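What follows is a set of notes on a single structure, which appears directly below.
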Amino acid sequence: MQEIINSSIDTASKSVDFIDSIIEKIEKYRKIKQDTTSYLRLLYIEVIGNIEVLKTVNFDKFDKVALNDPKIKTLFNLLRTDIAESIFYKNDENPNNELYERLKKRGKVLNKGKELVQNSASGDDKKVSGSFIYENILQAISFVVTKIDLLRKYSQLTEEDLQIFRPLRIKTRLVNINQRLVMIKNVMDAMDEIKEMAR
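Below, the structure is given as structure tokens:
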């Protein structure tokens with residue numbers, strides 16, 4: 018009985034810490050989001066940083082790696098999503114409609130190695146047959162944040178925990194994350210706020 022109580026207390030404590038962490042992030046980025054130029058530049062730097070990390074990765078090495086392999090933990094500790102994630106923190110007091118309009122710009126996500134997937138209406142990942150798909154920046158950011166966060170969580174699980182999950186093709190997920198980051202960068206390169214720093 019005591020173990021169940023301790024486990025419940027531990028779970029509740031982690032939930033409170035998680036909520037506190039989200040509230041702290043919301044407060045941290047609320048003011049920055051009001052300045053469209055600063056926000057877009059911070060997002061651009063985060064995107065470029067993630068692309069640079071993924072440029073050094075041999076995707077084939079991740080073809081049959083366990084979800085909790087130390088290599089996965091290392092890689093997902095290097096990828097950042099704080100700025101991208103904060104786009105979805107709603108602020109009714111001062112909604113920056115200009116920022117959201119900028120992030121609705123569409124771009125081509127290339128189907129590199131025919132590994133590209135797209136969310137279907139049923140919520141499953143559907144393989145893309147063509148050579149590219151169009152997405153806007155918000156859709157691509159949502160995809161990247163969700164997939165990185167999920168893989169980061171899975172990388173912390175034990176072998177026993179992983180038994181309940183279907184095998185995931187990590188290489189495919191990395192290619193999809195990378196291709197969306199590249200698309201976001203390419204579309205942002207043409208924005209007035211980014212032109213001077215585009216690389």
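Going by this note's numbering, the letters in the sequence shown line up with residues 18 to 216, in that order.
Even glycine gets a Cβ: it sits at the ideal position worked out from N, Cα and C.
All values reported here derive from a predicted model rather than from experimental measurement.
Beta-carbon within less than 8 angstroms of residue i's beta-carbon, same chain only, minus the 5 sequence neighbours each way: which residues are those?
{"i": "T175", "result": "N85"}
{"i": "N136", "result": "D142, K143 and F160"}
{"i": "L57", "result": "L116, R119, M205, M208, E210 and I211"}
{"i": "Q173", "result": "N85 and K90"}
For residue i, which residues from the same chain have a beta carbon less than 7 angstroms from its beta carbon, with the 5 sequence-adjacent residues on both sides left out?
{"i": "N270", "result": "No information on residue 270 is available, as it lies outside the stretch 18 to 216 that the chain covers here."}
{"i": "L133", "result": "V126, V145, I150, N193 and Q196"}
{"i": "N67", "result": "L96, R97 and L198"}
Name the one or two DSSP bridge partners that residue i has.
{"i": "Q135", "result": "K143"}
{"i": "Y171", "result": "BP columns for Y171 are empty, so no partner."}
{"i": "F149", "result": "L127"}
Compute the beta-carbon to beta-carbon distance between residue i and residue j, rounded to the nearest angstrom, for a pair I have assumed lies under 8 angstroms.
{"i": "V161", "j": "I194", "result": "5 angstroms"}
{"i": "M200", "j": "V126", "result": "5 angstroms"}
{"i": "N113", "j": "T53", "result": "6 angstroms"}
{"i": "L96", "j": "V74", "result": "With 8 angstroms as the limit, L96 and V74 do not qualify as a contact, their Cβ atoms being about 10 angstroms apart."}
{"i": "A207", "j": "I158", "result": "In fact, because the Cβ distance is near 17 angstroms, the residues do not count as touching under 8 angstroms."}
{"i": "I211", "j": "Y117", "result": "Rounded, the Cβ-Cβ distance is 17 angstroms, inconsistent with contact."}
{"i": "L168", "j": "I89", "result": "7 angstroms"}
{"i": "L191", "j": "F76", "result": "5 angstroms"}
Would you call residue i buried or exposed, if buried means 16 or more other Cβ atoms sit within 10 Å of its Cβ?
{"i": "S103", "result": "buried"}
{"i": "E177", "result": "exposed"}
{"i": "I187", "result": "buried"}
{"i": "F182", "result": "exposed"}
{"i": "Q156", "result": "buried"}
{"i": "F79", "result": "buried"}
Near residue i, what residues of its chain come up, given a Cβ to Cβ distance below 6 angstroms and the 5 sequence neighbours on each side ignored?
{"i": "K121", "result": "N153"}
{"i": "Y171", "result": "L84"}
{"i": "A215", "result": "D206"}
{"i": "S148", "result": "N128"}
{"i": "E213", "result": "none"}
Practice prompt. Entirely within the stretch 91-116 and at least 4 residues each: give me those alpha helix (DSSP H) ranges in chain order.
Written response: Taken in chain order, the complete alpha helix (DSSP H) segments of 4 residues or longer contained in the stretch 91-116 are 99-103.
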